[in-house]
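In my numbering, the protein residues as written are 9 to 129.
Just so you know, even glycine gets a beta-carbon here, dropped at the ideal spot from N, CA and C.
Computed from a predicted structure; not experimentally measured.
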Amino acid sequence: MYLARGSSDDDPYVWLWVLGAVALYALISYGLAYRARARRGSAHPAHDALHDLKDREDPQPPENRFVSRMIMLCGAGLTGFVAYLTSGAVRVLTVGLTVVVAVTVWAYYDHRTETRAPAQR
9 MYLARGSSDD DPYVWLWVLG AVALYALISY GLAYRARARR GSAHPAHDAL
59 HDLKDREDPQ PPENRFVSRM IMLCGAGLTG FVAYLTSGAV RVLTVGLTVV
109 VAVTVWAYYD HRTETRAPAQ R
């Protein structure tokens, strides 16, 4: 009797990969926001960048949201495909590299298409 348990063939740590990707997205987004705030002459770029991440309440236009989600889904699909084709230490290395590249592209696209806030608050 399986009682809502997954197959033993599944990677039991798949949720760690997902949490790692979300944390990487947040870290890259923060870095991009910090860089933008520092270039625009903010007095406190670290503080302002943190508030920029927290205050993302403005929804993206539908076409930008669609492209953002397609980048996310294609990155996830490519990561799954790479994981399926490899095994062992090579899997960890290639999946990690694929995740870093996919999340970086996703975060960079979201950063470039968001509305800009003024440098001084």
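Spanning the alpha carbons of A110 and S50 requires a straight line of approximately 29 Å. The DSSP assignment places 53 to 62 and 70 to 93 as complete runs of the alpha helix (DSSP H) inside the segment 38 to 113, in order along the chain (cut-off: 4 residues). Closest in alpha carbon position to H59, among Y42, D118, I79 and R47, is Y42. Exclusion of the five residues before and after V108 leaves L32 as the residues of its chain whose Cβ lies within less than 8 Å of its Cβ. Going by C-alpha positions, T87 is about 22 Å away from N72. Non-local C-beta neighbours of L61 in its own chain, meaning closer than 8 Å and more than five positions away in sequence, comprise A34, S37, Y38 and A41, ordered along the chain. In the assembly as shown, R47 is an exposed residue. Its beta-carbon has fewer than 16 other beta-carbons within 10 Å.
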